[in-house]
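S.K.: Sequence lines, in order, name chains A and B. As numbered in our numbering, residues 1 to 84 make up the first sequence, in order. As numbered in our numbering, residues 1 to 181 make up the second sequence, in order. The beta carbon of each residue, even a glycine, is placed where N, CA and C say it ideally should be. Everything numeric in this text was worked out from a predicted model, so none of it was measured. After the structure tokens below, expect a handful of questions from me.
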Amino acid sequence: MTLSQDDELLFNAYLDGELDPLEARSFEARLASEPALAGEIEAYRLLRSALRSDLDEDHPLALSAALCPVLLCVRHATFPRGAP
Amino acid sequence: MNVGDATDQDRFAEVFLPHLVDAFRLARWLSGSRIDAEDIVQEASLRAFKGIRGFSGGDPRAWTLTIVRNTSYSWLAKNRPSALVLTEDLDQVSRDRMDQSSEALERTPEAALIAKVEAEQIRKAMATLPVPFREVLVLREIHGLDYRAIAEIAELPIGTVMSRLARARRKLLEAVCGDAS
């Protein structure tokens, strides 16, 4: 579906929990009467969970191994004092 | 090593280190590569360490992400300058493409398509987004920041955060559905 620019910003603010309670209630009333809009919200929520589920490989253990050189470097830091 | 260094290390350990995973995620999404992200986070860690005395007691996570974001941009500017190009012309092309595909989307149950989407498709679709769009999306969806925090980290007005976020989502949905259909 194609949303007007204002509607799209409203839609996104709703998705992000950025509307005040009154605005959110009024947007929910629209969702109840516009199934296409409700379907769109669902699509974006799925997209969000797909994005978040792609995080498994950022396992902290693997990450700390990758960053060992940094940690060692900081531990033995010899940076000039007052450097930017 | 002297006493001053020890204090800086304590502060660094307190402020920056707890957010390493966040730092790495942001760098990985912005650069599109684990290896590049490791480079970026290493550099950001050193910058953070050197600048730790500049941390004035705000939100340590936001401070960390700001450094990683800025380091990612300078890394991209040096190693992959084309990734940062964001002209209105390019936007117009994307818009035209988007308009065409939104007609296709009307005939396609998006939710059903996305349910089948795999991690690899999401990564590929994210890689098609210009970095300034990807950045706001990652800060919002992966890091869960609100508009105000995103605006501060990305140094943008809130209105720009909102419009970029809306467009980033549309572009991502278009890329994912185009790939899955």
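(1) If you draw a straight line from the alpha carbon of residue 23 of chain B to that of residue 66 of chain B, how long is it in whole angstroms?
(2) Under 8 Å between C-beta atoms, does residue 79 of chain A make it to chain B?
(3) Please list the residues of the stretch 131–145 of chain B that have a C-beta atom closer than 7 Å to any C-beta atom in chain A, keeping them in chain order.
(4) Residue range of the alpha helix (DSSP H) that residue 41 of chain A falls in?
(5) At which residue ranges does the stretch 50–80 of chain B contain complete alpha helix (DSSP H) runs of 4 or more residues, listed in the order of the chain?
(6) When burial is assigned at 16 or more other CB atoms within 10 Å of the CB, is residue 32 of chain B buried or exposed?
(7) Would residue 147 of chain B count as contacting chain A if we go by Cβ distances under 8 Å?
(8) Mind checking the stretch 62–77 of chain B against chain A and listing, in chain order, the residues whose C-beta falls within less than 8 Å of any C-beta there?
(9) Comparing alpha-carbon positions, which option in B:46, B:70, B:170 and B:58 lies nearest residue 27 of chain B?
(10) Between the Cα of residue 133 of chain B and the Cα atoms of B:146, B:154 and B:148, which residue gives the shortest distance?
(11) With 8 Å set as the bound, which would you pick, yes or no: does the beta-carbon of residue 29 of chain A sit closer than that to a beta-carbon of chain B?
(12) Taking 8 Å as the threshold, find out whether the stretch 6–21 of chain A comes into contact with the stretch 155–167 of chain B through three or more Cβ pairs.
(13) By Cβ distance below 8 Å, which residues in the same chain neighbour residue 100 of chain B in space, the five residues on each side in sequence not counted?
(14) If the cut-off is 9 Å on Cβ atoms, which residues from the stretch 10–43 of chain A count as contacting chain B, listed in chain order?
(15) Within the continuous alpha helix (DSSP H) that includes residue 8 of chain A, where are the two ends?
(16) Is the stretch 41–48 of chain B touching the stretch 131–148 of chain B, taking contact as three or more C-beta pairs under 8 Å?
(17) Does residue 18 of chain B have its Cβ less than 8 Å from a Cβ in chain A?
(18) Should residue 4 of chain A be flagged as near chain B, meaning a C-beta pair shorter than 8 Å?
(19) Would residue 64 of chain B and residue 12 of chain B qualify as a contact pair, given that the criterion is a beta-carbon distance under 8 Å?
(20) Can you have a look at residue 84 of chain B and say buried or exposed, based on whether 16 or more other CB atoms are within 10 angstroms of its CB?
M.R.: Checking against the coordinates, here is how it stands:
(1) 9 Å
(2) Its pLDDT being 43, under 50, residue 79 of chain A is placed unreliably in this model, and the coordinates cannot settle the point.
(3) 140, 141 and 142
(4) 35–53
(5) 60–79
(6) buried
(7) yes
(8) none
(9) B:70
(10) B:154
(11) no
(12) yes
(13) Note on residue 100 of chain B: pLDDT 45, under 50, position unreliable in the model; the coordinate value appears next. Once the five neighbours on either side are set aside, residue 100 of chain B has no close Cβ partner at all.
(14) 11, 12, 13, 15, 16, 17, 18, 36, 39, 40, 42 and 43
(15) 5–15
(16) no
(17) no
(18) no
(19) no
(20) exposed
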